[in-house]
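K.L.:
From first to last, the protein sequence lines stand for chains A and B. All residue numbers for the first sequence refer to my numbering, where the first residue is 230 and numbers rise by one. All residue numbers for the second sequence refer to my numbering, where the first residue is 249 and numbers rise by one. From the three backbone atoms N, C-alpha and C, an ideal C-beta is built for every residue, glycine too. Take this structure first; my questions come after.
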Amino acid sequence: MFFVRVNMTDRTFKVEETPAAYKYLGGRGLTSNVIANEVSPLCHALGPNNKLVFSPGILTGTSAPTSARISIGGKSPLTGGIKESNAGTSWAADLGVMNIQGLVIEGQPAEKGQYWGISVIWDGKPKVEFFDATQYTGKVLSEIYPAMYAKFSDKVSVCSIGMAAEHGYSNSGVVFNDMKKRPTRYSGRGGLGAVMASKGLKFIVLNRAGAPGMQIVDKALFEEGRKEMISALRTHAVTKPKGALNSYGTAVLINILNEAGGLPTRNFSSGRFKGAPMIAGEAIFESNKTRKGKEVYNHSCSPGCIIQCSNTVYDAQGEEITSCLEYESAWSLGADCEIDNLDDVALMNALCNDYGLDTIETGTTIAVAMEAGVIPFGDSKGAINLIHEMGKGTPQGRILGAGTATTGRVYGMTRVPVVKGQSMPAYEPRAIKGIGITYATSTMGADHTAGYTIAPEIMGVMGKQDPLSSEGKAALSRAFQATTAFLDSTGHCLFIAFAILDIASGYQGMVDEINGVFGTSWTAEDILKQGGDILKVERKFNEEAGIGKEADRVPEFMKTEPLPPHNTVFDVSDDTLDSVFGEL
Amino acid sequence: MLKIKVKLYATLSSFLGDVASGTPVEMDMPAESTLGSLVELLKLPLDEVKICFVNGHIVELEQVLKEGDEVGIFPPVGGG
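Shown next, in the form of structure tokens:
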């Protein structure tokens, strides 16, 4: 396997064997270790000393199901700490097939306003070619993606950044192609798009033609594991064909979180939204059925996924508005802004994809701006306009593009739902205590995927735990965070967890897949320990960046303002929060 | 008798007839009815009944219903 280092200061590259220390790492495990080893925690996230590391998961590029995730690591301009953000895309699989374990973008060009693209091809080993990409800046992504396929071939995979990143926004993602070559699959959180832009890098185009494919040491063991994983995913009620995810997409969660009183509404001032059913997965399914004249089931974001949870939202004429509208996006651009117009929410999602904005951060920022009186709550047309302002880079747009925390500060607001500068996703900590502990303590800032305790707290996956109680939740969050750090390293989508946490043979299947690839004999306990080790590396980086346990707190208003309908506050003590990492 | 409101979601919604998912429907139940007896009355397939709420709290099928209760019933769902 190879490490490819691209130096953007002088546009040169180096291809080397993967260093021994990284041989058994992939995805988040690899990106976080490289960043911790090579990037000063005190560097400026947008300066020449930050790096951007791309790594496919351990299984990415193999035939393991639902395993085409790419991790990107770097120091985040949004949180000031370490960041790993992952996405599902053919681009990830291609990197694995080309045997590139780490792609490291370094340095910074002296030329301001100039952008380059790189094309990575296979020539006995990976080879990098540079091209001028300045002409593609200042345009929406849906306009420039077709130009890349025309320039190279329709067999390539394309990674890019949008205008949000070019403006240097802390709210800017890195985008990858979906299965229809659309720029829609995002490593959205934490502003890594701006890091890529700061290096003058607009595109990374992968052409896998001639590449050898992933090496698997013990093919029989890998096959055995793969079959168990497929069986678990096809059996579990959440992940099976025509199950909840395949029929209704992730937005199926809108109604259940609303019912639980944990759907953050009107800038985190209520746990219930009257308009919830109108923006829910069921509404999307029914609307599509009416407008297309047939039931439309969801599709996969990346090759080899058998869960297939990505939806498409169609307008009254049957034309596509956006794909995919996730739960998080339907919530942030909908409920949190009190917007119940599904078509407008879908359009806002499409605009975020076009400008290169993180949908979560965008929605929570607009909600704070609404509370500040910039536009009224529920004003979908006004919200659409604000997203255009962000894309254009007007003074108003730039304030919003800096993220929820900055917008709150600019307008002097106190109800600003962020941890470590990153805004909270679609679960209310006052109504669901475990996820609040994850938000508070995660190395990533407020991040639901970092330790998804929602599984037992709301969905009844891996047992049932009362969401309103904080008892035992620090241990629960710690275990989920450690397991997730490893899952994010495998290349598997986090959604396999629904199946393998309930079906033991599926969990063993994942262990066997990995042992098959590496020729190792790791156990389930080894994996949990490795996940914990990744967290410790990330935590150390953050502490050296000045982000210690004092930053592991939810905003004050959540401890003092009771949240309807349960009228509860976030009553988890600081000692309990500190025990998450203290006892790791 | 006691009056309750019932909301069925996702794949279960068709069991209340031709109403959109999550539409509240008023029902009369004998006093001391349990959530389990409601599930039986609605003919919901037991393996499809995963999470039940009464007034926003997750409860089990043994829960005894009271006048004015709002019930929400979900099949297995997931996402993130």
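1. Counting only C-beta atoms, is residue 474 of chain A closer than 8 angstroms to chain B at any point?
2. Indicate whether residue 258 of chain B and residue 668 of chain A have their beta-carbon atoms separated by less than 8 angstroms.
3. Does DSSP put residue 435 of chain A in a helix, in a strand, or in coil?
4. Run through DSSP, which three-state label would residue 360 of chain A get?
5. Which residues, taken in chain order from the region 706-726 of chain A, show a beta carbon closer than 7 angstroms to some beta carbon of chain B?
6. Would you call the region 353-361 of chain A in contact with the region 445-464 of chain A, where contact means no fewer than 3 C-beta pairs closer than 8 angstroms?
7. Taking the alpha-carbon positions, what's the residue 255 of chain A to residue 549 of chain A distance?
8. Chain A beta carbons: is any one of them nearer than 8 angstroms to that of residue 269 of chain B?
9. I want to verify the contact list: residues of chain B whose CB lies under 9 angstroms from the CB of residue 461 of chain A, in sequence order.
10. In the DSSP output, what is residue 351 of chain A paired with across the bridge?
11. Just mark residue 294 of chain B as buried or exposed, buried being the case when its beta carbon has 16 or more other beta carbons within 10 Å.
12. In whole angstroms, give me the CA-to-CA distance for residue 496 of chain A and residue 253 of chain B.
13. Taking Cβ positions, are residue 504 of chain A and residue 795 of chain A nearer each other than 8 angstroms?
14. Could you check whether the Cβ of residue 690 of chain A sits closer than 8 angstroms to any Cβ belonging to chain B?
15. For the region 540-571 of chain A, list every residue whose C-beta sits within 7 angstroms of some C-beta in chain B, in sequence order.
16. Can you give me the C-alpha to C-alpha distance between residue 585 of chain A and residue 624 of chain A, rounded to a whole angstrom?
17. Whole angstroms is fine: what's the gap from residue 664 of chain A's alpha carbon to residue 350 of chain A's?
18. Tell me which residues of the region 477-497 of chain A have at least one Cβ-Cβ distance to chain B shorter than 8 angstroms, keeping chain order.
19. Whether or not the region 402-414 of chain A and the region 371-379 of chain A are in contact is what I'm after, with contact meaning three or more pairs of Cβ atoms, one per stretch, closer than 8 angstroms; do they touch?
20. Decide if residue 249 of chain B is buried, meaning its Cβ has at least 16 other Cβ atoms within 10 Å, or exposed.
21. At a cut of 8 angstroms, does the region 620-634 of chain A reach the region 376-393 of chain A through at least three beta carbon pairs?
22. When the Cβ atoms of the region 433-446 of chain A are set against those of the region 317-330 of chain A, are three or more pairs found closer than 8 angstroms?
23. So is residue 314 of chain B in contact with chain A if we call contact Cβ pairs under 8 angstroms?
24. Quick check on the burial criterion: 16 or more other C-beta atoms within 10 angstroms. Buried or exposed for residue 675 of chain A?
25. Buried or exposed, going by whether 16 or more other CB atoms sit within 10 Å of the CB of residue 588 of chain A?
26. Which value, in whole angstroms, describes the spacing of the CA atoms of residue 701 of chain A and residue 708 of chain A?
27. Would a C-beta distance cut-off of 8 angstroms place residue 764 of chain A and residue 710 of chain A closer than the cut-off?
28. Less than 8 angstroms between CB atoms is the rule here; does residue 323 of chain B satisfy it with respect to chain A?
29. At a CB-CB cut-off below 7 angstroms, which residues of chain A make contact with residue 304 of chain B?
30. Which residue from A:792, A:530, A:533, A:511 puts its Cα closest to that of residue 524 of chain A?
31. Would you say residue 340 of chain A faces chain B, with C-beta separation under 8 angstroms as the test?
32. From this set, A:788, A:799, A:618, A:259, which residue's C-alpha is nearest residue 300 of chain A's C-alpha?
33. With a CB to CB cut of under 7 angstroms and the five nearest residues on each side skipped, what residues in its chain are close to residue 263 of chain B?
34. Compare the C-beta of residue 298 of chain B against all C-beta atoms of chain A and say whether one is closer than 8 angstroms.
35. For residue 430 of chain A, which beta-bridge partners are listed by DSSP?
36. Taking the beta strand (DSSP E) that residue 316 of chain A belongs to, which residues open and close that run?
P.N.:
Reading it off the structure:
1. In the first sequence, counting from the first residue as 1, residue 474 of chain A sits at position 245. Interface residue, yes.
2. Position 10 of the second sequence, counted from the start, is the residue given in the question as residue 258 of chain B. Position 439 of the first sequence, counted from the start, is the residue given in the question as residue 668 of chain A. It is not a contact, given that the beta carbons lie outside the stated cut-off.
3. Along the first sequence, read from residue 1 onward, the residue named residue 435 of chain A stands at position 206. Reduced to three states, the DSSP call for residue 435 of chain A is strand.
4. Locating residue 360 of chain A in the first sequence gives position 131, counting from the first residue. Strand, per DSSP.
5. 723, 724
6. These segments do not touch.
7. Residue 255 of chain A sits at position 26 when you count from the first residue of the first sequence. Residue 549 of chain A sits at position 320 when you count from the first residue of the first sequence. If I take the Cα positions, the gap works out to 36 angstroms.
8. One-based indexing of the second sequence puts residue 269 of chain B at position 21. It does; some Cβ of chain A falls within 8 angstroms.
9. Indexing the first sequence from 1 puts residue 461 of chain A at position 232. Here the premise fails: no neighbours, minimum Cβ distance about 13 angstroms.
10. To locate residue 351 of chain A, count along the first sequence from 1; it is residue 122. Beta-bridge pairing links residue 351 of chain A to A:355.
11. Position 46 of the second sequence, counted from the start, is the residue given in the question as residue 294 of chain B. Result: exposed.
12. Counted from its first residue, the first sequence places residue 496 of chain A at position 267. Counted from its first residue, the second sequence places residue 253 of chain B at position 5. Distance between the alpha carbons of residue 496 of chain A and residue 253 of chain B: 28 angstroms.
13. Position 275 of the first sequence holds residue 504 of chain A. Position 566 of the first sequence holds residue 795 of chain A. Their beta carbons are not under 8 angstroms apart, which means residue 504 of chain A does not touch residue 795 of chain A by this criterion.
14. Here residue 690 of chain A corresponds to residue number 461 of the first sequence, with the count starting at 1. Output row for residue 690 of chain A: interface = yes.
15. 556
16. Looking up residue 585 of chain A in the first sequence gives position 356. Looking up residue 624 of chain A in the first sequence gives position 395. Whole-angstrom Cα-Cα distance: 18 angstroms.
17. Walking along the first sequence from the start, residue 664 of chain A turns up at place 435. Walking along the first sequence from the start, residue 350 of chain A turns up at place 121. So the alpha carbons of these two residues sit roughly 42 angstroms apart.
18. Going along the region 477-497 of chain A in chain order, one finds 477, 478, 479, 480, 481, 482, 484, 485, 488, 489, 490 with a Cβ nearer than 8 angstroms to chain B.
19. Yes, they touch.
20. The sequence position of residue 249 of chain B within the second sequence is 1, counting from 1. That one is exposed.
21. yes
22. yes
23. As a working note, residue 314 of chain B is residue 66 in the second sequence. No, because no Cβ of chain A sits closer than 8 angstroms to the Cβ of residue 314 of chain B.
24. Sequence index remark: in the first sequence, residue 675 of chain A carries index 446 (1-based). Residue 675 of chain A is buried by the Cβ-count criterion.
25. Translated into positions along the first sequence, residue 588 of chain A becomes position 359. Burial call: buried.
26. Stepping through the first sequence from its first residue, residue 701 of chain A is reached at position 472. Stepping through the first sequence from its first residue, residue 708 of chain A is reached at position 479. Each residue's alpha carbon lies about 11 angstroms from the other.
27. The residue you call residue 764 of chain A lines up with position 535 of the first sequence. The residue you call residue 710 of chain A lines up with position 481 of the first sequence. Against a cut-off of 8 angstroms, the Cβ pair of residue 710 of chain A and residue 764 of chain A comes out as a contact.
28. Numbered from its first residue, the second sequence carries residue 323 of chain B at position 75. Closer than 8 angstroms to some Cβ of chain A, the Cβ of residue 323 of chain B qualifies, so yes.
29. Counting from one through the second sequence, the residue named residue 304 of chain B turns up at place 56. Going along chain A in sequence order, the residues near residue 304 of chain B (Cβ under 7 angstroms) are 488, 489, 490, 794, 795.
30. Position 295 of the first sequence, counting from 1, holds the residue named residue 524 of chain A. Among A:792, A:530, A:533, A:511, the Cα nearest to that of residue 524 of chain A belongs to A:511.
31. By one-based count along the first sequence, residue 340 of chain A stands at place 111. No, residue 340 of chain A does not count as interfacial toward chain B.
32. Numbered from 1 along the first sequence, position 71 holds the residue referred to as residue 300 of chain A. That would be A:259, whose Cα lies nearest to the Cα of residue 300 of chain A.
33. Here residue 263 of chain B is taken as the residue at index 15 of the second sequence, counted from 1. If we look at residue 263 of chain B and ignore the five residues flanking it on each side, its Cβ neighbours are 256, 290, 291, 292.
34. For the purposes of this step, residue 298 of chain B is identified with residue 50 of the second sequence, where counting begins at 1. Taking Cβ atoms only, chain A reaches closer than 8 angstroms to residue 298 of chain B, which makes this a yes.
35. For the purposes of this step, residue 430 of chain A is taken as the residue at position 201 of the first sequence. Answer by DSSP bridge pairing, in chain order: A:345.
36. Sequence index remark: in the first sequence, residue 316 of chain A carries index 87 (1-based). Element bounds for residue 316 of chain A: 311-317.
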